[in-house]
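Note that this note's numbering numbers the sequence shown so that position 96 is 102, with each residue one more than the last.
Accompanying notes for the structure given below.
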Amino acid sequence: MNNYYYIVASLPAIAQDWKFGDITAESIVGEIKERSTPADLAVIDFIESGFADGGLNEDFYRKAISHKLPFIREYYTFDLNVRNAKVRFLNKALGREADKDVIDIDTGEFEDAAAVDSILDGKDILGREKALDDLYWEKLDSMTVHHYFDMDVILAFIFKLHIIDRWHKLDEQRGREMFKKLVDEIIDNKKQI
Numbered sequence: 007m008n009n010y011y012y013i014v015a016s017l018p019a020i021a022q023d024w025k026f027g028d029i030t031a032e033s034i035v036g037e038i039k040e041r042s043t044p045a046d047l048a049v050i051d052f053i054e055s056g057f058a059d060g061g062l063n064e065d066f067y068r069k070a071i072s073h074k075l076p077f078i079r080e081y082y083t084f085d086l087n088v089r090n091a092k093v094r095f096l097n098k099a100l101g102r103e104a105d106k107d108v109i110d111i112d113t114g115e116f117e118d119a120a121a122v123d124s125i126l127d128g129k130d131i132l133g134r135e136k137a138l139d140d141l142y143w144e145k146l147d148s149m150t151v152h153h154y155f156d157m158d159v160i161l162a163f164i165f166k167l168h169i170i171d172r173w174h175k176l177d178e179q180r181g182r183e184m185f186k187k188l189v190d191e192i193i194d195n196k197k198q199i
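Structural data, given as structure tokens:
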């Protein structure tokens with residue numbers, strides 16, 4: 007028997023500008039895990055492994071895109087398409103081969119390709135990252151329409167929690183500094199080629 011009603015009812019109402027206060031993303035996910043069945047815990051552990059350093063590799067995406075849960079398949083197909091679009095954008099900016107470093111897994115047609123391309127064409131790097139996270143948030147919302155007390159809602163919550171946590175850990179000034187450093191490194195690497 008699952009605890010979906012209890013788990014969902016106990017989750018805080020979050021929005022993209024939500025503040026953690028005295029709690030952390032890890033503690034919230036920990037509480038969800040404590041209340042999960044072994045099968046659901048395995049799914050949560052799987053998605054959490056994607057957030058580990060180097061976790062989003064070709065092997066992970068192959069497992070995710072063939073996962074038994076439709077939610078996992080749909081989310082990671084979207085995620086892979088967005089990440090590949092970002093790599094292609096950087097490749098173009100650096101004058102590299104378009105598909106260099108792209109994870110080559112057939113995901114079919116990417117319906118949000120135009121939206122991602124439009125975001126990547128923006129001039130403000132931090133603004134682009136925020137807009138991409140907005141797109142992820144909207145995708146998660148669309149994937150949970152008519153879902154109220156099931157695993158999809160819990161998984162979407164965890165993904166959204168990670169979006170909030172990422173921005174919580176990066177204040178705007180530090181974020182701009184990090185992105186400037188990244189751009190400088192890319193320019194330096196291009197000069198060395």
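Glycine residues also receive a C-beta, built at the ideal position from the N, C-alpha and C atoms.
The model shown is predicted, which means the values in this text are computed figures rather than measured ones.
Give the DSSP-derived three-state secondary structure of W24 in the structure shown.
Here W24 sits in coil by DSSP.
Locate the alpha helix (DSSP H) running through D107, then write down its first and last residues.
For D107, there is no enclosing alpha helix (DSSP H), since its DSSP letter is neither H nor E.
Residue from G56, H174 and L75 with nearest C-alpha to F66:
Nearest C-alpha to F66: G56.
contact_flag[the region 66 to 78, the region 25 to 44] where n(CB pairs < 8 Å) is 3 or more
No, the region 66 to 78 does not touch the region 25 to 44.
Using the Cβ count rule (16 or more neighbours within 10 Å means buried), how would you classify K106?
With fewer than 16 Cβ atoms within 10 Å of its Cβ, K106 is classed as exposed.
Among the candidates K136, K129, F26 and Y10, whose CA atom is the shortest distance from the CA of D171?
Of the listed residues, the one whose Cα sits closest to D171 is F26.
Which of helix, strand or coil does DSSP assign to H152?
In the three-state reduction of the DSSP assignment, H152 falls in the coil class, being assigned neither a helical nor a strand state.
Considering just the uninterrupted stretch of the alpha helix (DSSP H) at S55, what are its terminal residues?
From DSSP, the alpha helix (DSSP H) with S55 extends over P44 to S55.
Among A21, D158, A58 and L126, which residue has its Cα nearest to the Cα of Y11?
If we check each option's Cα against that of Y11, D158 comes out closest.
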